[in-house]
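Working notes for the structure below.
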Amino acid sequence: IRNHWNQSRTAAELGLSRVGLANKIKRYSLNENG
Numbered sequence: 014i015r016n017h018w019n020q021s022r023t024a025a026e027l028g029l030s031r032v033g034l035a036n037k038i039k040r041y042s043l044n045e046n047g
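My numbering numbers the first residue of the sequence shown as 14 and each following residue consecutively.
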């Protein structure tokens, strides 16, 4: 929530690529609605 679903900013904080973060979001079925 800290980055309001800004994947580029979140990926940078976590040390991942934006694509790597998107893959994890998809793998764990994460979405904005919880």
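Just so you know, even glycine gets a beta-carbon here, dropped at the ideal spot from N, CA and C.
task = List the endpoints of the continuous alpha helix (DSSP H) containing N36.
result = R31 to R40
Top-ranked residue by Cα proximity to V32, from S21, R15, Y41 and E26 = S21
task = Quick one: residues in its chain with C-beta nearer than 7 angstroms to the C-beta of R15, no 5 flanking neighbours on either side, listed in chain order?
result = none
inquiry  = Less than 7 angstroms between the C-beta atoms of L34 and A25, yes or no?
reply    = no
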